[in-house]
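K.L.:
Below is the structure I would like to discuss, written out as structure tokens.
There are 2 protein chains.
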Amino acid sequence: MTTQEQEFELLGFFKALADENRLKIIGLLAQQPRSVEELSAVIGLGMSTTSHHLARLAKAGLVSARTDRHYYIYSLHTDTLKDMSQRLLQDEQIRQLSEPASSDAYDQKVLSSFLDGEGRVKTFPAQDKKLQVILRYVVKAFEPGQRYPEKQVNEILLRFNEDTAFLRRSLIEYRLMGREGGGGAYWRIDPD
Amino acid sequence: MTTQEQEFELLGFFKALADENRLKIIGLLAQQPRSVEELSAVIGLGMSTTSHHLARLAKAGLVSARTDRHYYIYSLHTDTLKDMSQRLLQDEQIRQLSEPASSDAYDQKVLSSFLDGEGRVKTFPAQDKKLQVILRYVVKAFEPGQRYPEKQVNEILLRFNEDTAFLRRSLIEYRLMGREGGGGAYWRIDPD
DNA sequence: AAATCATTTCTATAGTTATCGAAATATTAT
DNA sequence: ATAATATTTCGATAACTATAGAAATGATTT
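Same order as they appear, the protein sequences are chains A and B.
Using the numbering used here, the first residue of the first sequence is number 1, and each one after it goes up by one.
Using the numbering used here, the first residue of the second sequence is number 193, and each one after it goes up by one.
Structure (structure tokens):
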């Protein structure tokens with residue numbers, strides 16, 4: 001089962017139960033199976049409306065009907081209800097509600113705001129979170145595992161902005177690059 | 193907590209989660225707390241819309257915000273989610289979703305269809321379920337605990353319909369009255 | 001086969017809600 | 001204080017859904 005299907009299933013489950021009259025139906029069917037006519041009389045709705053609600057509940061796998069004499073007798077699928085609520089108790093199920101990949105949408109938005117057409121940094125964002133997006137973008141100009149003297153670092157950073165000192169300092173501060181105190185060698189720190 | 197409040201709370205819970213984008217928000221906040229701006233960028237909605245969704249989730253007690261720097265950081269209340277889903281696992285919670293008293297609405301509807309203005313039975317319904325409603329109505333004319341000879345039973349039943357034999361037989365069949373084989377004594381069986 | 005009855009499907013309408021853009025509010029930085 | 005920025009509130013619109021009544025379908029009895 002894919003993440004999207006999971007989400008859809010859970011969404012259908014919640015939508016099915018997000019109605020006052022459908023909750024009442026669930027409650028009545030939990031007591032005993034009942035016909036459409038009986039249900040609509042008890043909760044005070046037209047039979048077509050009740051039928052509609054039952055169809056939605058059935059689509060979510062919460063009820064089903066068997067035919068008995070003149071009547072369609074609907075009954076509750078308690079196990080579906082319990083399966084779903086138990087799934088909610090599992091942390092992983094909740095975390096997977098949003099596709100993990102889509103997280104760069106935010107980065108894209110920040111980048112398009114603060115970069116010009118040639119990929120240079122127009123201005124530096126004041127907020128940490130946005131600045132980090134910019135820095136993660138800039139640091140890709142360095143090869144992982146390679147060591148750079150300060151002079152070369154400045155040359156590379158100059159492609160992004162005049163203020164190489166600020167960039168250099170920030171890259172160190174946010175632990176995207178490392179620096180060796182003595183010889184002035186820099187290197188890119190791998191993201192983990 | 194009254195039954196109505198319970199239902200309302202559960203209804204609010206389901207309504208809060210019955211939206212695709214709110215489910216995504218829940219998923220994102222399960223990974224880590226985030227700001228409105230970040231959330232709206234990632235799921236691709238306007239910030240006002242995202243704010244609206246967050247407000248609904250907060251109303252249901254599912255998220256809350258703390259302020260940090262420029263941002264309002266929203267985080268997930270995992271315990272609310274778990275409380276609710278555990279409540280669903282308890283059978284009593286589900287049965288109480290509909291007020292128990294309201295079950296006579298159906299009876300009322302059946303009675304008004306098959307009784308005339310004086311409380312007499314116009315015709316006998318063909319369906320078991322409806323016939324039972326009529327019989328439960330008729331049997332109230334007998335005092336619990338008292339014994340009636342057949343002749344008196346017929347007199348009483350005559351107030352409801354000419355066909356006293358059918359009524360008598362049905363009352364026995366559906367175990368609303370008992371009969372003593374020998375002397376022909378009848379009595380009303382208490383509902384349990 | 002015809003008749004009766006329960007249920008569903010169809011059609012239309014009213015109420016609710018998701019959405020966005022603009023204006024207002026709140027918070028932090030200068 | 002003033003400016004900058006993030007968030008919420010407001011107003012309007014579009015999409016969705018609950019609802020009822022009428023017509024169609026399906027099932028049961030005679």
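Note that beta-carbon positions come from the ideal geometry of N, C-alpha and C, so glycine has one too.
Note that the structure is predicted; figures quoted are calculated from it, not measured.
1. Taking Cβ to Cβ, would you say A:TRP187 is nearer than 7 Å to A:GLY181?
2. Buried or exposed, going by whether 16 or more other CB atoms sit within 10 Å of the CB of B:LYS207?
3. Counting only the same chain and skipping the five closest in sequence on each side, list residues whose C-beta sits under 6 Å from that of A:PHE13.
4. Okay, do the segment 207-224 of chain B and the segment 240-255 of chain B touch, 3+ Cβ pairs below 8 Å being the bar?
5. When you check each C-beta in the segment 210-228 of chain B against every C-beta of chain A, which residues fall closer than 7 Å?
6. Which bits of chain B does A:SER85 rub up against, with CB to CB less than 9 Å?
7. Under the rule that 16 or more other beta-carbon atoms within 10 Å means buried, what is B:ARG367, buried or exposed?
8. Can you list the residues of chain A that B:TYR298 reaches, using a CB-CB cut of under 7 Å?
9. Can you list the residues of chain A that B:LYS191 reaches, using a CB-CB cut of under 8 Å?
10. Just how far apart, CA to CA, sit A:ILE172 and A:ILE189?
11. Sorted by chain position, which residues of the same chain lie with C-beta nearer than 6 Å to B:ALA318's C-beta, five sequence neighbours on each side aside?
12. Would you mind stating whether B:LEU246 and B:TYR263 have Cβ atoms separated by less than 7 Å?
13. So, with DSSP's three-state summary, where would you put A:ALA101?
14. Chain A beta carbons: is any one of them nearer than 7 Å to that of B:LYS207?
15. Tell me where the alpha helix (DSSP H) around B:ALA252 begins and ends.
16. Considering only residues of the same chain and omitting the five flanking positions on each side of A:THR50, which have a CB-CB separation below 6 Å?
17. What three-state label does DSSP hand B:ARG361 in the structure shown?
18. Going by beta carbon distance, what residues of the same chain come within less than 6 Å of A:ARG147, once the five residues before and after it are set aside?
P.N.:
Reading off the structure:
1. no
2. B:LYS207 is classed as buried because its beta carbon has at least 16 other beta carbons within 10 Å across all chains shown.
3. ALA60 and MET84
4. yes
5. ALA210, GLU212, LEU215, LYS216, ILE218, GLY219, LEU220, ALA222 and GLN223
6. MET276, SER277, GLN278, ARG279, LEU280 and LEU281
7. That one is exposed.
8. GLU38, ALA41 and VAL42
9. This structure gives no information on residue 191 of chain B, because the portion of chain B shown stretches from 193 to 384.
10. 10 Å
11. none
12. no
13. The predicted model places A:ALA101 with a pLDDT of 49, which falls under 50 and marks its position as unreliable; any figure quoted below should be read in that light. Helix at A:ALA101.
14. B:LYS207 counts as touching chain A.
15. Looking at the DSSP string, B:ALA252 is not in any alpha helix (DSSP H), and its letter there is neither H nor E.
16. VAL36, LEU39 and SER40
17. For B:ARG361, the three-state secondary structure derived from DSSP is helix.
18. These residues qualify, in order along the chain: ALA185 and TRP187.
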